[in-house]
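Please read the structure below before turning to the comments.
Here it is as structure tokens:
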């Protein structure tokens, strides 16, 4: 079953339960998934990661502006979206993947970061944020 189908089922259940906040968030997610499918992008995980990142960025901006109630709402939506994503890699797994990428690329200095990132991101497969992978790669190369 695709993520879109799962979201549709969860949306129906939330509507029946009368959970307005969950319904609103799921409608937005479903809309983005359907838009991506219409545009020819079949990568549902990428859409979910993008939407989760948007919510977290918005929450940070709301917190900076002193609007904690709106930030809490955005963070709750990000958490809801994260429920549809695969589990994040642990630090040990991530460092192992980066170490293997460094060895495979034959990297020895920070100038080789691009090649390491290319190999590591292919192995990570969306289970870790690019910033985390980059930080681990920089650490391994210094």
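Numbering (full-length UniProt numbering), first residue to last: 1 to 142.
The beta carbon of each residue, even a glycine, is placed where N, CA and C say it ideally should be.
Legend entry - Range covered by the alpha helix (DSSP H) that runs through residue 76: Numbered from 1 along the chain shown, position 76 holds the residue referred to as residue 76. Looking at the DSSP string, the run of the alpha helix (DSSP H) that includes residue 76 is 68-82.
Inset, instruction - Kindly say whether residue 142, judged by its beta-carbon, lies nearer than 7 Å to any beta-carbon of chain C. - result: Absent from the structure: chain C. Only one protein chain is present.
Inset, instruction - Report the rounded CA-to-CA distance for residue 119 versus residue 37, giving the unit in angstroms. - result: Residue 119 sits at position 119 when you count from the first residue of the chain shown. Residue 37 sits at position 37 when you count from the first residue of the chain shown. For residue 119 and residue 37, the distance between alpha carbons rounds to 27 Å.
Inset, instruction - Would you mind giving the Cβ-Cβ distance between residue 34 and residue 12, rounded to the nearest angstrom? I have them listed as a contact below 8 Å. - result: On the chain shown, residue 34 is found 34 positions in, with the first residue counted as 1. On the chain shown, residue 12 is found 12 positions in, with the first residue counted as 1. Residue 34 to residue 12, Cβ: 15 Å. No contact.
Legend entry - Cβ separation of residue 71 and residue 63, assumed to be a contact under 8 Å, to the nearest whole Å: Residue 71 sits at position 71 when you count from the first residue of the chain shown. Residue 63 sits at position 63 when you count from the first residue of the chain shown. About 4 Å separates the two Cβ atoms, so the contact holds.
Inset, instruction - Output the distance between the C-alpha atoms of residue 138 and residue 99, rounded to the nearest integer angstrom. - result: Taking the chain shown and counting its residues from 1, one reaches residue 138 at position 138. Taking the chain shown and counting its residues from 1, one reaches residue 99 at position 99. So the two alpha carbons sit approximately 11 Å from each other.
Inset, instruction - Output the boundary residues of the alpha helix (DSSP H) element that contains residue 127. - result: Counting from 1 along the chain shown, the entry for residue 127 is found at position 127. No alpha helix (DSSP H) contains residue 127, which DSSP labels as neither H nor E.
Inset, instruction - With distances taken Cα to Cα, identify the nearest neighbour of residue 46 among 114, 81, 142, 17. - result: Here residue 46 is taken as the residue at index 46 of the chain shown, counted from 1. Answer by Cα proximity: 81.
Legend entry - Unbroken alpha helix (DSSP H) run spanning residue 11, endpoints: Start at 1 with the first residue of the chain shown, and residue 11 comes out as number 11. 3-17 is the span of the alpha helix (DSSP H), which, as asked, contains residue 11.
Inset, instruction - Use the C-beta contact count for residue 44: other C-beta atoms within 10 angstroms, 16 or more gives buried, fewer gives exposed. - result: Counting from 1 along the chain shown, the entry for residue 44 is found at position 44. Classification of residue 44: buried, given that the 10 Å Cβ count is 16 or more.
Legend entry - Exposure of residue 14, with buried meaning 16 or more beta-carbon neighbours within 10 Å: In the chain shown, residue 14 corresponds to position 14, counting from 1. So residue 14 counts as buried.
Legend entry - Endpoints, alpha helix (DSSP H) assigned at residue 31: Counted from its first residue, the chain shown places residue 31 at position 31. 20-39 is the extent of the alpha helix (DSSP H) around residue 31.
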